[in-house]
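There are 2 protein chains.
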Amino acid sequence: MKKIKGLKGQICFSSDRKTIIVMENAYLLYRDNEILGVFKTIPPEYAGAQIRDCGNHVIIPGLADLHTHAPQYGYRGLGMDLELLDWLNQRAFPEEARFSVREYAENAYRIFARDMKNSATTRLCIFATRHADATVCLMDMMEETGLKSMVGKVNMDRNAPDYLRESSVLSAVNETKDWLDRSVGKYRNVQPVLTPRFTPSCTDDLMEQIGKLREQYDLPVQSHLSENRDEIAWVKKLCPWSKFYGETYDRYGLFGKKKANTVMAHCVYSGEEEQKLMKKNGVFIAHCPESNTNIASGIAPIRKYLEDGQKIGLGSDMAGGSAESIFRAMVLAIQVSKLRYCLVDKSLKPLTFEEAFYMGSMGGGEFFGKVGTFQSGYELDALVINDNALHGPYGYTLRERLERIVYLSERCTIAAKYAAGKEIIIK
Amino acid sequence: MKKIKGLKGQICFSSDRKTIIVMENAYLLYRDNEILGVFKTIPPEYAGAQIRDCGNHVIIPGLADLHTHAPQYGYRGLGMDLELLDWLNQRAFPEEARFSVREYAENAYRIFARDMKNSATTRLCIFATRHADATVCLMDMMEETGLKSMVGKVNMDRNAPDYLRESSVLSAVNETKDWLDRSVGKYRNVQPVLTPRFTPSCTDDLMEQIGKLREQYDLPVQSHLSENRDEIAWVKKLCPWSKFYGETYDRYGLFGKKKANTVMAHCVYSGEEEQKLMKKNGVFIAHCPESNTNIASGIAPIRKYLEDGQKIGLGSDMAGGSAESIFRAMVLAIQVSKLRYCLVDKSLKPLTFEEAFYMGSMGGGEFFGKVGTFQSGYELDALVINDNALHGPYGYTLRERLERIVYLSERCTIAAKYAAGKEIIIK
């Protein structure tokens with residue numbers, strides 16, 4: 001039987017979306033990668049546990065980024081004067097085309113993987129590009145970080161420049177199969193996720209084939225949904241048979257329902273029917289407040305989604321978002337919900353700090369299994385945060401320290417980081 | 428004649444609100460505290476200038492924070508679930524009351540001054556509390572930082588708890604005079620600014636007396652204006668004689684017009700008449716996008732103000748805002764302008780990067796004189812930025828580096844900082 005280990009410190013975690021448990025000078029005990037629980041004193045049955053004393057540092061779950069684009073990392077913070085469809089054509093597509101060259105991909109992904117390793121994130125859903133080689137390169141590099149990630153070779157056979165799109169359904173499927181042969185079951189920390197870019201980029205024929213691959217390989221799915229009003233109108237035109245955008249995935253078995261999860265980024269303008277289907281099928285929503293703001297998409301009604309019991313986490317959506325930090329996504333989620341409340345719809349109250357923290361940890365973590373909190377049976381993903389730089393003229397409660405860590409994360413440092421029970425050595 | 432000095436590096440600065448000048452490997456020359464200009468090569472008349480080579484670092488003007496509350500610094504990032512008037516009663520007033528004890532003020536302001544010194548800000552307009560002693564303590568500490576700041580003892584004789592408000596107009600005026608006697612002309616880097624908290628906190632009698640002090644001492648003024656709809660309705664009730672909020676300052680000579688400037692924070696809901704008076708009187712607007720978001724005030728129509736030729740800069744408004752960084756205020760100014768554009772009013776286009784950078788440097792700098800750009804005759808406020816952590820898979824243009832520095836400022840470090848020609852040694 002494996003040795004029991006533990007972290008001692010100032011422990012905070014969500015127990016549900018409305019509740020953050022705070023325990024001072026407490027013990028987070030785990031065996032292998034599995035959490036046994038958080039205790040005020042070490043229970044007799046765990047006597048002899050090997051404890052790492054984190055002193056006054058704050059220990060929280062690792063954060064989950066449910067939506068990001070690794071090849072866009074190089075130009076985050078640039079070109080923020082465009083809306084979605086122009087932004088794709090002028091920024092995203094030209095940059096992604098460079099990843100046909102393996103050497104370029106290696107250079108770019110090395111930087112991405114290093115920065116993710118050093119971040120507060122322990123779990124990620126990542127879009128690569130359409131290139132199988134470059135996607136495998138990214139998976140190799142993410143494997144080495146020790147973070148747990150899902151990485152997708154992108155599929156796109158229409159409405160993209162010739163230099164980037166897949167030239168036929170057959171070639172798209174062949175390259176996707178090649179990628180799956182090289183990645184399914186090949187990694188300890190990384191797994192492939194099917195990634196039709198979004199409906200405007202994939203013909204119905206291609207969607208159908210991706211659906212078959214999902215059936216065959218039992219894979220998770222990631223894509224985009226109802227981000228922008230022009231995009232929604234375009235999907236309606238491309239798929240006149242669909243009643244709503246979500247159906248264009250659902251028809252081909254790419255919208256939840258299976259054991260391997262589906263996550264859809266954005267859902268800014270999902271209508272009632274789409275919401276119902278997401279709920280019924282257990283589709284996860286990746287809320288990306290910075291991206292939705294930067295490319296002027298709008299503000300998703302997250303309060304409603306949470307109260308309806310939708311599954312929901314946060315995404316950085318780089319480079320629509322500029323910040324890799326899920327702490328910043330938590331803050332922006334609260335901030336934009338306040339603007340939505342005061343400018344759009346007074347019936348949906350702003351998100352609370354508890355809800356934002358939940359989405360960035362436990363809510364997003366659920367996509368990866370029992371991840372994102374410190375309850376018994378969950379996997380040990382943890383951050384040990386040094387918030388010394390935030391000391392003030394009086395003492396803060398632990399709950400207050402947590403809130404300040406989230407709002408002022410750039411002033412804090414990560415003293416230690418664990419993913420699935422393994423320590424990640426950062427910086 | 429003083430020695431000519433210079434900084435060599437990658438230089439960026441606004442020449443007006445629509446234009447950022449970028450010059451690679453250029454020389455920023457200055458004598459004493461005054462800029463001579465930026466040059467590709469050193470002109471013969473300045474041969475022998477003593478040059479500091481900043482290599483590949485990016486050199487930009489120091490940033491101006493037109494609105495912040497030093498006593499609230501200790502609880503930034505906390506209590507963000509309240510709107511303005513509740514937030515004042517539950518958070519701001521109880522904390523400010525602690526500053527009646529000099530020792531507490533010293534502890535709190537020492538932290539504030541240290542962090543401002545280490546920030547990207549070189550110029551600040553600061554609210555203290557109503558206490559003369561504590562305000563002088565803050566001025567002493569700000570003086571030592573070498574930053575250029577205006578600091579105000581707050582006036583407030585109504586609608587605040589007994590434990591905090593000034594008990595009579597007479598005692599308020601006496602304490603204000605005491606403070607002015609101890610601070611006018613006493614500092615090299617700090618000067619007093621008259622600070623009626625806002626109209627709901629000041630009786631007409633007190634406003635009248637503050638107006639007289641302005642006349643007598645020729646002082647600048649700072650206050651709040653049209654931040655929140657409930658606040659505006661309250662002002663209307665308190666001053667039924669006023670046609671709009673701005674008149675409640677203007678009537679007593681506290682709304683621009685003089686050589687010593689006036690700055691009003693927020694102006695989220697200023698109507699046409701108020702805007703006209705601001706323009707006519709040369710009142711500065713301190714746009715505080717994070718605070719306006721955090722306490723759910725709304726989004727100010729900054730595009731309109733800029734196009735109308737209003738004078739405008741950015742404010743952190745801690746602790747309504749959590750971040751001291753004017754880089755973050757620039758980003759948020761752009762972001763909220765996009766949400767305003769897509770949710771409220773399509774006739775006002777989002778702010779450009781140029782405009783946000785202008786407001787944070789040259790726009791706000793103007794409040795302090797010839798400050799905030801690198802044109803000849805301006806005071807030398809400069810930041811030397813190390814953006815090595817932002818290197819990517821390809822080279823960026825200098826203009827792109829600047830944009831990434833602003834969006835990703837927390838990944839950069841300040842290698843050197845100057846205010847009014849003097850180097851500030853940070854960290």
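Those protein sequence lines, which keep their order, are chains A and B. Residue numbering for the first sequence follows the working numbering, beginning at 1 and increasing consecutively. Residue numbering for the second sequence follows the working numbering, beginning at 428 and increasing consecutively. Even for Gly, the Cβ is constructed at its ideal location relative to N, Cα and C.
Can you name the residues that DSSP bridges to D480(B)? Working through the second sequence from its first residue, we reach residue 480(B) at position 53. Looking at the DSSP assignment, D480(B) forms a beta bridge with K435(B).
Return the residues of the region 590-615 of chain B that lie within a Cβ-Cβ distance of less than 9 Å from chain A, sorted by chain order. none
Can you pull out the residues from the region 278-298 of chain A whose beta carbon lies closer than 7 Å to at least one beta carbon of chain B? Residues passing the 7 Å Cβ filter: T293, N294, A296 and G298.
Give me the chain A residues within the contact set of Q762(B), using Cβ-Cβ distance strictly less than 7 Å, ordered along the chain. For the purposes of this step, residue 762(B) is identified with residue 335 of the second sequence, where counting begins at 1. Chain A residues near Q762(B): T293 and N294.
As a quick exercise: from I448(B), D589(B), S752(B) and R458(B), pick the residue whose alpha carbon is nearest that of P521(B). Locating residue 521(B) in the second sequence gives position 94, where the first residue counts as 1. Of the candidates I448(B), D589(B), S752(B) and R458(B), D589(B) places its Cα closest to the Cα of P521(B).
Continuous alpha helix (DSSP H) assignments of at least 4 residues falling wholly in the region 342-377 of chain A: 353-358
Does the CB of E837(B) have a neighbour CB from chain A at under 7 Å? Counting from 1 along the second sequence, the entry for residue 837(B) is found at position 410. Closer than 7 Å: yes.
So, do the region 614-621 of chain B and the region 574-582 of chain B have three or more beta carbon pairs nearer to each other than 8 Å? The answer is yes - the region 574-582 of chain B touches the region 614-621 of chain B, with three or more Cβ pairs under 8 Å.
Would T129(A) and T199(A) be called neighbours here (beta carbons separated by less than 7 Å)? If you number the first sequence from 1, residue 129(A) lands on position 129. If you number the first sequence from 1, residue 199(A) lands on position 199. Going by C-beta atoms, T129(A) is not nearer than 7 Å to T199(A).
Along chain B, which residues have their Cβ under 9 Å away from the Cβ of L343(A)? Your numbering for residue 343(A) matches position 343 in the first sequence. Under the 9 Å cutoff, chain B gives G725, I726, L766, R767, L770 and V771.
Counting only Cβ pairs nearer than 9 Å, list the residues of chain B close to L78(A). Within the first sequence, residue 78(A) is the residue found at index 78, counting from 1. Within 9 Å Cβ-Cβ: Y823, E827, E830, R831 and Y834.
Give the secondary structure of A816(B) by DSSP, where H, G and I count as helix, E and B as strand, and everything else as coil. Your numbering for residue 816(B) matches position 389 in the second sequence. Helix at A816(B).
Min CB distance S119(A) to chain B below 7 Å: Start at 1 with the first residue of the first sequence, and residue 119(A) comes out as number 119. Closer than 7 Å: no.
How big is the Cα-Cα spacing for A727(B) and N174(A)? Within the second sequence, the letter at position 300 stands for residue 727(B). Within the first sequence, the letter at position 174 stands for residue 174(A). One Cα belongs to A727(B), the other to N174(A), and the distance between them is close to 53 Å.
Is it buried or exposed, A846(B), if we count other Cβ atoms within 10 angstroms and call 16 or more buried? In the second sequence, the residue the question calls residue 846(B) occupies position 419. With 16 or more Cβ atoms within 10 Å of its Cβ, A846(B) is classed as buried.
Does N483(B) come within less than 7 Å of chain A when only Cβ atoms are used? Against the second sequence, residue 483(B) aligns to sequence position 56. So no, N483(B) is outside the interface.
Quick one: which chain A residues come within Cβ less than 7 Å of P777(B)? Here residue 777(B) corresponds to residue number 350 of the second sequence, with the count starting at 1. Going along chain A in sequence order, the residues near P777(B) (Cβ under 7 Å) are A296.
is_contact[G74(A), chain B] using C-beta, thresh 7 Å: Position 74 of the first sequence, counting from 1, holds the residue named residue 74(A). With 7 Å as the cut-off, G74(A) counts as an interface residue toward chain B.
Looking at the structure shown, is I334(A) part of a helix, part of a strand, or coil, going by DSSP? Here residue 334(A) refers to the residue found at position 334 when the first sequence is read from its first residue. Here DSSP, grouped into helix, strand and coil, assigns I334(A) to helix.
Can you name the residues of chain B whose CB is closer than 8 Å to the CB of D81(A)? For the purposes of this step, residue 81(A) is identified with residue 81 of the first sequence, where counting begins at 1. Near D81(A) (Cβ distances below 8 Å), the residues of chain B are P777, T779 and F780.
Using 8 Å as the Cβ pair cut-off and three pairs as the minimum, do the region 286-299 of chain A and the region 315-323 of chain A touch? Touching, yes, given that three or more Cβ pairs across the two stretches are closer than 8 Å.
Proximal residues of chain B, C-beta to C-beta of Y104(A) below 9 Å: Translated into positions along the first sequence, residue 104(A) becomes position 104. Chain B residues near Y104(A): P820 and Y821.
Reduced DSSP secondary structure (H/G/I, E/B, other) of R123(A): Sequence index remark: in the first sequence, residue 123(A) carries index 123 (1-based). Looking at R123(A) - three-state DSSP - the assignment turns out to be strand.
Per DSSP, what kind of secondary structure is E34(A) in: helix, strand or coil? Position 34 of the first sequence, counting from 1, holds the residue named residue 34(A). DSSP places E34(A) in strand when its eight states are reduced to three.
Output the distance between the C-alpha atoms of G253(A) and R197(A), rounded to the nearest integer angstrom. The sequence position of residue 253(A) within the first sequence is 253, counting from 1. The sequence position of residue 197(A) within the first sequence is 197, counting from 1. When rounded, the distance between both Cα atoms is 15 Å.
Nearest candidate by alpha-carbon position, reference T720(B), set L759(B), K686(B) and R730(B): Numbered from its first residue, the second sequence carries residue 720(B) at position 293. Looking at the Cα atoms, L759(B) is the closest of the given residues.
Proximal residues to R656(B) (C-beta, below 7 Å), its chain only, five neighbours per side dropped: Stepping through the second sequence from its first residue, residue 656(B) is reached at position 229. Within the same chain, Cβ atoms closer than 7 Å to the Cβ of R656(B) are found at Y696, the five residues on either side in sequence being excluded.
State yes or no: is the beta carbon of A108(A) nearer than 7 Å to at least one beta carbon in chain B? Counting from 1 along the first sequence, the entry for residue 108(A) is found at position 108. Answer yes: the Cβ-Cβ gap between A108(A) and chain B drops below 7 Å somewhere.
Limits of the unbroken beta strand (DSSP E) element including G313(A): On the first sequence, residue 313(A) is found 313 positions in, with the first residue counted as 1. Its beta strand (DSSP E) spans residues K311 to L314.
Give the single residue among D81(A), I405(A) and A47(A) whose Cα lies nearest to the Cα of K3(A). Numbered from its first residue, the first sequence carries residue 3(A) at position 3. Measuring from the Cα of K3(A), the nearest candidate turns out to be A47(A).
Less than 7 Å between the C-beta atoms of V384(A) and F327(A), yes or no? For the purposes of this step, residue 384(A) is taken as the residue at position 384 of the first sequence. For the purposes of this step, residue 327(A) is taken as the residue at position 327 of the first sequence. No. Outside cutoff.
Limits of the alpha helix (DSSP H) - the one that K430(B) falls within: For the purposes of this step, residue 430(B) is identified with residue 3 of the second sequence, where counting begins at 1. Element bounds for K430(B): n/a, residue is neither H nor E.
Kindly list the residues whose CB is nearer than 8 Å to the CB of W606(B), restricted to its own chain and excluding five residues on each side of it in sequence; keep chain order. Numbered from 1 along the second sequence, position 179 holds the residue referred to as residue 606(B). So the list reads A559, T562, V563, K580 and P619, once near-sequence residues are dropped.
Enclosing alpha helix (DSSP H) for S718(B) [first to last residue]: Against the second sequence, residue 718(B) aligns to sequence position 291. P716 to N721 is the span of the alpha helix (DSSP H), which, as asked, contains S718(B).
Let me know the alpha helix (DSSP H) ranges lying completely inside the region 638-726 of chain B, each 4 residues or longer, listed in chain order. 656-665, 674-677, 699-708 and 716-721
G506(B) vs D808(B) beta-carbon contact at 7 Å: Within the second sequence, residue 506(B) is the residue found at index 79, counting from 1. Within the second sequence, residue 808(B) is the residue found at index 381, counting from 1. No; because the gap between Cβ atoms is not below 7 Å, this pair is not in contact.
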